[in-house]
Amino acid sequence: MLTKKQHQLLIFIKDRVEATGISPSFEEMKEALDLKSKSGIHRLITALEERGFIRRLPHRARALEVLRTPETGAAPAAAASAKVIHTNFRPQPRAHTVSADQDGVVELPLHGRIAAGTPIEALQDNGSSVSIPAALIGGGEHYALEVAGDSMVDAGIQNGDTILIHRCDTADTGDIVVALIDQQEATLKRLRRKGNSVALEAANPAYETRIFGPERVKIQGRLVGLFRRY
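In this text, residue positions in the sequence shown follow this note's numbering: the first is 113, and each later residue adds one.
(1) Can you grab the Cα-Cα spacing for the pair Ala256 / Ile249, in whole Å?
(2) Using the Cα positions of Glu253 and Gln120, report the straight-line distance between them to the nearest angstrom.
(3) Cβ atoms of Arg334 and Ala283: under 8 angstroms apart, would you say?
(4) Decide if Lys116 is buried, meaning its Cβ has at least 16 other Cβ atoms within 10 Å, or exposed.
(5) Measuring only from the beta carbon, is Arg168 closer than 7 angstroms to any heavy atom that is part of the ligand PLP?
(6) Run through DSSP, which three-state label would Gln270 get?
(7) Look at the alpha carbon of Lys150 and the alpha carbon of Arg168, and state the distance between them as a whole number of angstroms.
(8) Assuming Ala228 and Asp262 are in contact, meaning their beta carbons sit under 8 angstroms apart, how far apart are those beta carbons, in whole angstroms?
(9) Let's see if you can read the secondary structure: which residues bound the beta strand (DSSP E) around Ile249?
(10) Measuring alpha carbon to alpha carbon, tell me which residue in Cys280, Ser243 and Leu300 is nearest Asn271.
(11) By the 10 Å Cβ neighbour count, where 16 or more other Cβ atoms means buried, how is Gly224 classified, buried or exposed?
(12) Across which residues does DSSP place Gly337 in a beta bridge pair?
(13) For Leu222, collect the residues of the same chain with a Cβ closer than 6 angstroms to its Cβ; drop the 5 residues on either side in sequence, then sort them by chain order.
(14) Could you compute how far the alpha carbon of Leu68 sits from the alpha carbon of Glu327?
(15) Starting from Ser309, trace the beta strand (DSSP E) in both directions and tell me its first and last residue.
(16) Measuring only the C-alpha atoms, how far is Ile331 from Ala131?
(17) Just mark Glu162 as buried or exposed, buried being the case when its beta carbon has 16 or more other beta carbons within 10 Å.
(18) Using beta carbons (cut-off 8 angstroms, strictly below), is Met264 in contact with chain C?
(19) Do Leu303 and Asp287 have their C-beta atoms closer together than 8 angstroms?
(20) With distances taken Cα to Cα, identify the nearest neighbour of Val265 among Pro245, Glu258 and Ala314.
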């Protein structure tokens, strides 16, 4: 059962994508529902996601997939040719379920660069891949990123390293994670939970710890390994 505001937002998003092929902005959603702040929209989107009506796609700014509506129980047919709705499009990383060849080597998609420093725009999928020993990773979906910056040097992660990420949306305090901030910026940091806040902590004293409300930070994966070329 959806609340009145949840239902209004879902229908507003559905109608907009059917009419234009793209999602409304958070500002447009806020105005359409007559809310005072965008944080209310974040909460409504989270509620719709938890109830299985929409899905947020990783590494795309404000990208949503409509899975079903209360009326139909399925994704709206009129949106079939543009099911993924978004603003400021960024390609979705192609996660890889590990399957090693006879030499014990796997190919992982390489999704561009991740900031280990000041956060950069959300990740781009450049279509490249890297070959790694399967022993470096376990089961599940994985992808690789190139590190840009020096904020994690005290954790042994240097500029230019290639890191191996287990795709997940949760992590424990102390894990090094790929974090998406405000659906727009991606960064590599150590996760710390402090009460109702989320801290993204650098491993370099030259960088300060950044603290956010939990609705502003989405975990995109957890660091499981790295390799370095000399």
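Ideal placement from N, C-alpha and C gives every residue a C-beta, glycine not left out.
According to the data block:
(1) 11 angstroms
(2) 35 angstroms
(3) yes
(4) exposed
(5) Summarising the ligand content, the structure contains no ligands, and the ligand PLP is consequently not present.
(6) coil
(7) 16 angstroms
(8) 7 angstroms
(9) From DSSP, Ile249 is part of no beta strand (DSSP E); its letter is neither H nor E.
(10) Leu300
(11) buried
(12) Leu276
(13) Ser240, Ser241, Val242 and Ala256
(14) For residue 68 there is no data in the structure shown, the boundaries of the chain being 113 and 342.
(15) Ser309 to Glu313
(16) 32 angstroms
(17) exposed
(18) Going by chain labels, chain C is absent from the structure shown, which holds only one protein chain.
(19) yes
(20) Ala314
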